[in-house]
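Okay, so the sequence shown: first residue is 7 according to the working numbering, each after it adds one. Note that the Cβ used here is the ideal one computed from N, Cα and C, for glycine as well.
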Amino acid sequence: MTWFKKNTHISILLGACLLFAAYLYITDPGKVSYAEIQIEHGDSLWSLAEQYRGKMSTDDWIKLVKTENELADIKIVAGKSLVIPVVSDQASPINTIEIARNEQ
7 MTWFKKNTHI
17 SILLGACLLF
27 AAYLYITDPG
37 KVSYAEIQIE
47 HGDSLWSLAE
57 QYRGKMSTDD
67 WIKLVKTENE
77 LADIKIVAGK
87 SLVIPVVSDQ
97 ASPINTIEIA
107 RNEQ
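Below, the structure written as structure tokens:
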């Protein structure tokens with residue numbers, strides 16, 4: 007205990023590191039893979055997020071979908087396909103696919 011009193015800066019640094027590690031562990035969405043789905047009438051990015059986001063926040067999931075599909079806004083059209091992130095720790099009836107990324 008006296009060591010912690012003598013080295014308060016190191017104690018604070020260790021505590022901050024532990025808190026940061028705990029934050030990363032708690033907010034980790036798990037392994038994310040991608041799936042291609044067909045948009046149906048009545049679907050919105052919010053309704054799809056509730057279905058597929060897992061532990062990921064809704065806003066982060068929607069941003070990721072917009073980035074992956076190069077969407078300018080949140081409008082999606084029924085009948086089109088959409089590539090979405092699917093967290094692997096949830097049971098999903100859709101088959102995941104591997105998306106080849108073009109490095110620029």
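Put residue i into one of helix, strand or coil per three-state DSSP.
i: Val-92; result: strand
i: Ile-18; result: helix
i: Ile-32; result: helix
i: Ala-84; result: coil
i: Ala-78; result: coil
Within 10 Å of its beta-carbon, does residue i have 16 or more other beta-carbons around it, so buried, or fewer, so exposed?
i: Leu-30; result: exposed
i: Ala-27; result: exposed
i: Ala-84; result: exposed
i: Ile-90; result: buried
Using CA atoms only, rank isn't needed, just tell me which of the options is closest to residue i.
i: Thr-33; options: Met-62, Lys-72, Ile-82 and Lys-69; result: Met-62
i: Leu-51; options: Ala-84, Leu-24, Ile-68 and Leu-20; result: Ile-68
*Within the segment 46-73, note down every full alpha helix (DSSP H) run reaching 4 residues or more, in order along the chain.*
51-58
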